[in-house]
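J.:
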Amino acid sequence: MGEKRRGGPSYSPAKEIINKPGALRVAIACNIRTDRSCDDEAEFDEPETVEAISAALKAGGFDTIILEATSGFPQKLEAASPDIVFNIAEGRSGRSREAQIPAILEYYGVPYTGSDAAALSVTLDKALTKRIVRSCGVETPPFRVIAKGEPVLTGDSTGTGGFDAAGNSPGELTDVIPFPVLVKPNAEGSSKGIPDDCVAENMPRLRALVDRIASNYKGDLLAEQYIDGREFTVGIIGNGPGVRVFEPMEIIYREMRGRYKVYSYEVKTNYRDYISYKCPPDLPPELVTRMKRNAGAIYQILGCMDFARIDFRLSNEGRVFFIEANLLPGFAPDYSDFPMLAGYNGMEYNALIREILDCALKRYGIKAVGQDGYTE
């Protein structure tokens, strides 16, 4: 397989693919959740989600195979010999885990959907992503990384004024993060490691919160100013001039589990009890335009491909703050934000899955054989 293909988005295997008989063979690379008793596998996909993606692809005339991203994945890939991989694999461990399967696919020269290993490795690190986005003029809340085992010693002696953000970068040495301060793991997704009470109002509570979260997670923590206001997420699909930025979707907190609006693991897991959604949101046109423009700029800055979801907070003063980028958003058809966003914007689930695959096929120059919507 490694001898037949040459990797990279510029590779155009159209001649090889177009002459193959039968339907295009699409492998779905995934991590399937088996333990729901805790958040250890919170980022993994339910079997029903994988089945829904497979059904959407089969409805478009494609052959599908499931490749679970467990040990021996390269051997499974070699045996399956797919034409392209629909990648939703989260990886197993480490700060760059979302890049693990894409890196293997690139090594073997196998085309795949979504952003490449470099972009995925960067964006799982929330602080690194914020530094890149901030350097390009997009506003983020003041933040700093608290390394594993680092004591939180800086701050106003009264415990109410904020704490010094020294350590982020030379350009941020004078930043001050005002309380309240939100703390979460720096390289986790799906609200993993975000409890309901993840916001501290003073230094003693901040130290206790950092100690508690750090005791449960191996990596660094991110501390940032809690932005009181409204929460939005923006979906993006496409590449180059064909990028489509969806209308923002507001995440509305109907029922609070604490003093602060936090999309915690518990809230996300039981979202029907606490959350409602609105798209398009009730916002002045200029704010919608600004949010969509910022989302599109971030998509380009981070080198995203095919699809992504960008999260924002709108402060009570009308400032739009970038929170984080998700290059592997969930695809559960009945509750994940990205399919919900697409639906609000007129793209039903099967069409969304097909559009993502189509974006990748076009990016690689692959022409499918005889399937509706593709060139024969």
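In the working numbering, each residue carries its 1-based index in the sequence shown increased by 1. Virtual Cβ for every residue (Gly too), placed ideally from N, Cα, C. Quantities reported herein were computed from a predicted structural model and do not represent experimental measurements.
1. Y350 and P330 look like a contact to me (Cβ under 8 Å); what is the Cβ gap, rounded to whole Å?
2. Measuring only the C-alpha atoms, how far is G160 from A201?
3. In chain order, which beta strand (DSSP E) runs of at least 3 residues are fully inside the stretch 82 to 121?
4. Going by DSSP in three states, Y254 sits in which element: helix, strand or coil?
5. Using C-beta distances below 6 Å, list every residue in its chain close to I85, excluding the 5 sequence neighbours before and after it, in chain order.
6. Pick helix, strand or coil for D46, following the three-state DSSP scheme.
7. Excluding the 5 residues flanking E17 on each side, which residues of the same chain have their C-beta closer than 7 Å to its C-beta?
8. Taking the alpha-carbon of Y227 as reference, which of V177, E251, F247, G243 has the nearest alpha-carbon?
9. Around the Cβ of A319, are there at least 16 other Cβ atoms within 10 angstroms (buried) or fewer (exposed)?
10. Would you identify the three-state DSSP class for R231, choosing helix, strand or coil?
11. Beta carbon of K293, beta carbon of P249: below 8 Å?
12. Got a sec? Which residues, its chain only, sit under 7 Å from G241 by beta carbon, not counting five neighbours each side?
13. Please return the same chain residues whose Cβ sits closer than 6 Å to the Cβ of R310, not counting the five positions on each side in sequence.
14. Please classify N271 as buried or exposed, where buried requires at least 16 other C-beta atoms within 10 Å of its C-beta.
15. Just to confirm my understanding: we take S97, look at its own chain, exclude 5 residues before and 5 after, and list those with CB closer than 6 Å. What are they?
16. Would you identify the three-state DSSP class for V289, choosing helix, strand or coil?
17. Can you check whether the CB of I147 is closer than 8 Å to the CB of V211?
18. Taking the C-alpha atoms as reference points, what is the distance between L207 and F323?
19. With which residues is C31 paired in a DSSP beta bridge?
20. With distances taken between CB atoms, is the gap from I133 to L303 smaller than 8 Å?
21. With a Cβ-Cβ cutoff of 8 Å, do A118 and A104 count as a contact?
22. If distances are taken between C-alpha atoms only, which option among L58, S55, T35 comes closest to E47?
23. So K59 packs on L68, CB below 8 Å; how close in whole Å?
24. Could you give the DSSP three-state label for N240: helix, strand or coil?
25. Sorted by chain position, which residues of the same chain lie with C-beta nearer than 7 Å to I299's C-beta, five sequence neighbours on each side aside?
26. Name the DSSP bridge partner or partners of A60?
27. Judging by CA-CA distance, which residue of D307, E256, E251 is the nearest neighbour of P281?
28. With H, G and I counted as helix, E and B as strand and the rest as coil, what does DSSP make of E225?
29. Assign V211 to one of three DSSP states: helix, strand, or coil.
30. Using 8 Å for Cβ pairs, my map puts I102 next to A81. What's the rounded Cβ distance?
31. Pull up the CB-CB distance for V182 and E225, whole angstroms please, since I reckon it's below 8 Å.
32. Am I right that A188 and L284 are in contact with their C-beta atoms under 8 Å? What's the rounded C-beta distance?
33. Alpha carbon to alpha carbon, how far is R273 from Y109?
34. Please classify V200: does DSSP put it in a helix, a strand, or coil?
35. For L129, I'd like the list of residues in its chain whose CB is within less than 7 Å of its CB, leaving aside the five on either flank, ordered along the chain.
36. Can you list, in chain order, the residues of its chain whose CB lies under 7 Å from that of V263, leaving out five sequence neighbours each side?
T.: So, from the data block:
1. Here residue 350 refers to the residue found at position 349 when the sequence shown is read from its first residue. Here residue 330 refers to the residue found at position 329 when the sequence shown is read from its first residue. Contact flag wrong, Cβ pair sits at about 13 Å.
2. By one-based count along the sequence shown, residue 160 stands at place 159. By one-based count along the sequence shown, residue 201 stands at place 200. Residue confidence for G160 is low, a pLDDT of 40 falling below 50, so the modelled location carries little weight and cannot support an answer.
3. Taken in chain order, the whole beta strand (DSSP E) runs of length 3 or more contained in the stretch 82 to 121 are 85 to 88.
4. Position 253 of the sequence shown, counting from 1, holds the residue named residue 254. Y254: strand per DSSP, three-state reduction.
5. Locating residue 85 in the sequence shown gives position 84, counting from the first residue. Excluding residues within five positions, the ones whose Cβ falls inside 6 Å are V27, P112.
6. Position 45 of the sequence shown, counted from the start, is the residue given in the question as residue 46. The answer is strand: DSSP assigns D46 an E or B state.
7. Working through the sequence shown from its first residue, we reach residue 17 at position 16. Because E17 carries a pLDDT of 41, less than 50, the predicted location of this residue cannot be relied on, and the following value inherits that uncertainty. Taking E17 as the centre and dropping the five residues before and after it, the same chain places no C-beta closer than 7 Å to its C-beta.
8. Taking the sequence shown and counting its residues from 1, the one referred to as residue 227 is at position 226. In terms of CA proximity to Y227, V177 leads the group V177, E251, F247, G243.
9. If you number the sequence shown from 1, residue 319 lands on position 318. Sequence check: residue 319 is Gly here, not Ala. Around the beta carbon of G319, a 10 Å sphere encloses fewer than 16 other beta carbons of the protein chains shown; the residue is thus reported as exposed.
10. In the sequence shown, residue 231 corresponds to position 230, counting from 1. Three-state result, R231: strand.
11. Locating residue 293 in the sequence shown gives position 292, where the first residue counts as 1. Locating residue 249 in the sequence shown gives position 248, where the first residue counts as 1. When the beta-carbon positions are compared, K293 and P249 come within less than 8 Å of each other.
12. Position 240 of the sequence shown, counting from 1, holds the residue named residue 241. Residues of the same chain with their beta carbon placed closer than 7 Å to that of G241 are lacking, with the five preceding and five following residues left out of the count.
13. In the sequence shown, counting from the first residue as 1, residue 310 sits at position 309. A distance below 6 Å between beta-carbons, with the five flanking residues on each side excluded, links R310 to the following residues of its chain, in chain order: T234, G236, N327, P330, F339.
14. Locating residue 271 in the sequence shown gives position 270, counting from the first residue. The residue is exposed, with fewer than 16 neighbouring Cβ atoms inside 10 Å.
15. Locating residue 97 in the sequence shown gives position 96, where the first residue counts as 1. Take S97, set aside five residues on each side of it, and the residues of its chain with a beta-carbon closer than 6 Å to its own are S122, in chain order.
16. Here residue 289 is taken as the residue at index 288 of the sequence shown, counted from 1. In this structure, V289 counts as helix in the three-state DSSP scheme.
17. Walking along the sequence shown from the start, residue 211 turns up at place 210. Walking along the sequence shown from the start, residue 147 turns up at place 146. If you check the CB distance, V211 and I147 come in under 8 Å.
18. Mapped onto the sequence shown, residue 207 falls at position 206. Mapped onto the sequence shown, residue 323 falls at position 322. Whole-angstrom Cα-Cα distance: 23 Å.
19. Numbered from 1 along the sequence shown, position 30 holds the residue referred to as residue 31. In DSSP, C31 forms a bridge with E69.
20. To locate residue 133, count along the sequence shown from 1; it is residue 132. To locate residue 303, count along the sequence shown from 1; it is residue 302. Yes, these two residues count as a Cβ contact at 8 Å.
21. For the purposes of this step, residue 118 is taken as the residue at position 117 of the sequence shown. For the purposes of this step, residue 104 is taken as the residue at position 103 of the sequence shown. Yes.
22. Counted from its first residue, the sequence shown places residue 47 at position 46. Relative to the Cα of E47, the nearest Cα in the group L58, S55, T35 belongs to T35.
23. Along the sequence shown, read from residue 1 onward, the residue named residue 59 stands at position 58. Along the sequence shown, read from residue 1 onward, the residue named residue 68 stands at position 67. Rounded, the Cβ-Cβ distance is 16 Å, inconsistent with contact.
24. Here the question's residue 240 lines up with position 239 in the sequence shown. N240: coil per DSSP, three-state reduction.
25. Translated into positions along the sequence shown, residue 299 becomes position 298. Closer than 7 Å at Cβ, skipping near neighbours: V134, V139, I311, F323, A326.
26. As a position in the sequence shown, residue 60 is number 59, starting the count at 1. The beta-bridge partner set that DSSP reports for A60 is empty.
27. Translated into positions along the sequence shown, residue 281 becomes position 280. Across the set D307, E256, E251, the C-alpha of E251 shows the shortest separation from the C-alpha of P281.
28. Along the sequence shown, one-based indexing puts residue 225 at 224. In this structure, DSSP gives E225 an extended state, which the three-state scheme calls strand.
29. Here the question's residue 211 lines up with position 210 in the sequence shown. Note: V211 maps to helix in three-state DSSP.
30. Residue mapping note: residue 102 aligns to position 101 of the sequence shown, counting from 1. Residue mapping note: residue 81 aligns to position 80 of the sequence shown, counting from 1. By a beta-carbon distance limit of 8 Å, I102 does not contact A81. Their separation comes to about 13 Å.
31. On the sequence shown, position 181 is the one that residue 182 refers to. On the sequence shown, position 224 is the one that residue 225 refers to. Indeed they touch by this definition, with Cβ atoms about 7 Å apart.
32. As a first step, residue 188 is located in the sequence shown; it is residue number 187 there, counting from the start. As a first step, residue 284 is located in the sequence shown; it is residue number 283 there, counting from the start. The pair is not a contact, with the Cβ atoms about 31 Å apart (cut-off 8 Å).
33. As a working mapping, residue 273 is identified with position 272 in the sequence shown. As a working mapping, residue 109 is identified with position 108 in the sequence shown. Roughly 42 Å separates the two Cα atoms.
34. Position 199 of the sequence shown, counted from the start, is the residue given in the question as residue 200. Of the three classes helix, strand and coil, the one that applies to V200 here is strand, per DSSP.
35. Sequence index remark: in the sequence shown, residue 129 carries index 128 (1-based). Excluding residues within five positions, the ones whose Cβ falls inside 7 Å are V123.
36. The residue labelled residue 263 in the question sits at position 262 within the sequence shown. Excluding sequence neighbours, V263 sits near I195, D197, C199, V200.
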